[in-house]
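For the sequence shown, position 43 matches number 98 in my numbering, and the numbering has no gaps at all. Beta carbons are placed, not taken as given, at the ideal position from N, Cα and C, and that holds for glycine. Remember, predicted model here, so these are calculated numbers, not experimental data.
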Amino acid sequence: MKPDLKQIQAPIATEMVEFEKKFRDFMKSKVKLLDHITNYIVKRKGKQMRPMFVFLTAGVCGQISESSYRGAALIELLHTATLVHDDVVDDANYRRGFFSVNALWKNKIAVLVGDYLLSRGLLLSVDNGDFDLLRIVSHAVREMSEGELLQIAKARKLDITEEVYYQIIRQKTASLIASCCEVGAATSGASQDHVEKMRVFGEKIGMAFQIKDDLFDYGEDEIGKPLGIDIKEKKMTLPLIYALNNASWLDKKKIIYLIRNRNEDKKAVNQVIDFVKQSGGLEYATKVMTSYFEDALQILNDFPESEYKKSLEGLVRYTIERKK
Numbered sequence: 056m057k058p059d060l061k062q063i064q065a066p067i068a069t070e071m072v073e074f075e076k077k078f079r080d081f082m083k084s085k086v087k088l089l090d091h092i093t094n095y096i097v098k099r100k101g102k103q104m105r106p107m108f109v110f111l112t113a114g115v116c117g118q119i120s121e122s123s124y125r126g127a128a129l130i131e132l133l134h135t136a137t138l139v140h141d142d143v144v145d146d147a148n149y150r151r152g153f154f155s156v157n158a159l160w161k162n163k164i165a166v167l168v169g170d171y172l173l174s175r176g177l178l179l180s181v182d183n184g185d186f187d188l189l190r191i192v193s194h195a196v197r198e199m200s201e202g203e204l205l206q207i208a209k210a211r212k213l214d215i216t217e218e219v220y221y222q223i224i225r226q227k228t229a230s231l232i233a234s235c236c237e238v239g240a241a242t243s244g245a246s247q248d249h250v251e252k253m254r255v256f257g258e259k260i261g262m263a264f265q266i267k268d269d270l271f272d273y274g275e276d277e278i279g280k281p282l283g284i285d286i287k288e289k290k291m292t293l294p295l296i297y298a299l300n301n302a303s304w305l306d307k308k309k310i311i312y313l314i315r316n317r318n319e320d321k322k323a324v325n326q327v328i329d330f331v332k333q334s335g336g337l338e339y340a341t342k343v344m345t346s347y348f349e350d351a352l353q354i355l356n357d358f359p360e361s362e363y364k365k366s367l368e369g370l371v372r373y374t375i376e377r378k379k
């Protein structure tokens, strides 16, 4: 059965409504322009999967507490800050189909808004003595920055191995979902052993999530991003890495030439996509993604049955069965 986000959210529906109120309060300032911009950001929120991971994990491990709300808010504040800054760095005019902050209010204001969100997250933790949560989330932000820089450095040479690819996506994507699950467990009264198990669980989900995202680049589903965008940006993802590793020297040279020199040419990008498809790259990436997904479910099996566990499993399935 296809996972449905409303059904998945059912056990924490009250918490999610309460979270939105608290989150708005956490973002408030004394500057009218700032409140106008943060209100714009909140209104255009996505699926809210990060707070869902926090609350469901807390429910699986013990009790959803007041610090669970602060932990979820801390993750959202710091993550939103990184997205606002990313849009400036990438000169992106859109975020989830809406105008980005920098497109509407220019780069200077966008950078300052990102800084404000970062400081609100830090103060939220410091003022409430949530130093363990601050450590977890700050570690994730550091990992995300390192992963992004590693990917940029490697994109210049186009020499990413499978091992380096896993390192990049673990840092860039999996570290954030791992921090959501770790925060959820840490705020539920769980043992250190269970907190660590949930961190690993979140990391496995993050790995599967990013590989699924990379598969979208090849047009297998109704995607939320343009076809071949990773190739245009010279990002070496798992389907392409596998295809190149199993290609002849001549084919490898030809494909790398196309990515390096003709990545803006639609015909050349389609050639790369066809090469990956014919080389079994999509099947291989799907197999690896499924392996991470199964490892995550195995970890979840160690926890007692509950409505939270059922929904968390549904959320895990959603991450790899989603169409965009």
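Beta-bridge pairing of Phe-153 - partner residues as DSSP gives them: On the sequence shown, position 98 is the one that residue 153 refers to. According to DSSP, Phe-153 bridges with Arg-150.
Proximal residues to Tyr-339 (C-beta, below 8 Å), its chain only, five neighbours per side dropped: Translated into the one-based positions of the sequence shown, residue 339 becomes position 284. Leu-293, Pro-294, Tyr-297.
Reference Thr-112, options Val-86, Pro-359, Glu-376, Ile-375, closest by Cα: Here the question's residue 112 lines up with position 57 in the sequence shown. Its Cα nearest to that of Thr-112, the residue Pro-359 stands out among Val-86, Pro-359, Glu-376, Ile-375.
For Glu-319, three-class secondary structure by DSSP: Position 264 of the sequence shown, counted from the first residue, corresponds to residue 319. In the structure shown, Glu-319 sits in coil (DSSP, three-state: anything other than H, G, I, E or B).
Nearest residue (CA-CA) to Val-196, options Thr-341, Glu-376, Phe-154, Thr-228: Sequence index remark: in the sequence shown, residue 196 carries index 141 (1-based). Put simply, of Thr-341, Glu-376, Phe-154, Thr-228 the residue whose alpha carbon is nearest the alpha carbon of Val-196 is Thr-228.
Within 8 Å, strictly: CB atoms of Phe-186 and Ala-128: As a working mapping, residue 186 is identified with position 131 in the sequence shown. As a working mapping, residue 128 is identified with position 73 in the sequence shown. Not in contact: Phe-186 and Ala-128 (Cβ atoms no closer than 8 Å).
Local conformation of Gly-261 per DSSP, three classes: By 1-based counting over the sequence shown, the position of residue 261 is 206. Helix at Gly-261.
Distance, Phe-264 Cα to Glu-277 Cα: Here residue 277 refers to the residue found at position 222 when the sequence shown is read from its first residue. Here residue 264 refers to the residue found at position 209 when the sequence shown is read from its first residue. Low confidence applies here, because Glu-277 scores a pLDDT of 45, under 50, leaving its location unreliable; read the following figure in that light. Those two C-alpha atoms are separated by around 16 Å.
Alpha-carbon spacing of Glu-258 relative to Tyr-149, whole angstroms: In the sequence shown, residue 258 corresponds to position 203, counting from 1. In the sequence shown, residue 149 corresponds to position 94, counting from 1. Those two C-alpha atoms are separated by around 28 Å.
Status (buried if at least 16 other CB within 10 Å, exposed otherwise) for Val-84: Locating residue 84 in the sequence shown gives position 29, where the first residue counts as 1. Checking the sequence shown, residue 84 turns out to be Ser, not Val. By the 10 Å Cβ count, Ser-84 comes out exposed.
Beta-carbon proximity of Ile-92 to Val-168, cut-off 8 Å: Your numbering for residue 92 matches position 37 in the sequence shown. Your numbering for residue 168 matches position 113 in the sequence shown. Ile-92 places its beta carbon less than 8 Å from that of Val-168.
Between the CA atoms of Val-255 and His-249 - distance to the nearest angstrom: Numbered from its first residue, the sequence shown carries residue 249 at position 194. Numbered from its first residue, the sequence shown carries residue 255 at position 200. Roughly 10 Å between the two C-alpha positions.
Inter-residue CB distance, Tyr-363 and Pro-66 (contact presumed, cutoff 8 Å): By 1-based counting over the sequence shown, the position of residue 363 is 308. By 1-based counting over the sequence shown, the position of residue 66 is 11. Pro-66 and Tyr-363 do touch by the CB rule: their CB atoms are close to 5 Å apart, below 8 Å.
Met-291, enclosing alpha helix (DSSP H) - first and last residue: As a first step, residue 291 is located in the sequence shown; it is residue number 236 there, counting from the start. Per DSSP, Met-291 belongs to no alpha helix (DSSP H) and is neither H nor E.
For Ile-119, three-class secondary structure by DSSP: Residue numbering aside, residue 119 sits at position 64 when the sequence shown is read from its first letter. Per DSSP, reduced to three states, the secondary structure at Ile-119 is coil, with no helix or strand assignment.
Span of the alpha helix (DSSP H) around Thr-69: Here residue 69 corresponds to residue number 14 of the sequence shown, with the count starting at 1. For Thr-69, the enclosing alpha helix (DSSP H) has its first and last residue at 68 to 82.
First through last residue of the alpha helix (DSSP H) which encompasses Thr-345: Taking the sequence shown and counting its residues from 1, one reaches residue 345 at position 290. Counting along the chain, Thr-345 sits inside the alpha helix (DSSP H) bounded by residues 336 to 355.
Cβ neighbour criterion (16 or more within 10 Å) applied to Glu-288: Taking the first residue of the sequence shown as position 1, residue 288 is located at position 233. Result: exposed.
Neighbour-count burial assignment, Leu-132, 16 or more Cβ in a 10 Å radius: Taking the first residue of the sequence shown as 1, we reach residue 132 at position 77. Answer is buried; the Cβ neighbour count reaches 16.
C-alpha distance - Glu-75 paired with Lys-100, whole-angstrom precision: By 1-based counting over the sequence shown, the position of residue 75 is 20. By 1-based counting over the sequence shown, the position of residue 100 is 45. C-alpha separation (whole angstroms): 10 Å.
Alpha helix (DSSP H) segment containing Lys-212, residue limits: By one-based count along the sequence shown, residue 212 stands at place 157. Secondary structure note for Lys-212: its alpha helix (DSSP H) is the uninterrupted segment 186 to 212.
Where the alpha helix (DSSP H) containing Gln-222 begins and where it ends: By one-based count along the sequence shown, residue 222 stands at place 167. For Gln-222, the uninterrupted alpha helix (DSSP H) segment begins and ends at 217 to 224.
Extent of the continuous alpha helix (DSSP H) run through Thr-93: What you label residue 93 is simply residue 38 of the sequence shown in a count that begins at 1. For Thr-93, the enclosing alpha helix (DSSP H) has its first and last residue at 87 to 98.
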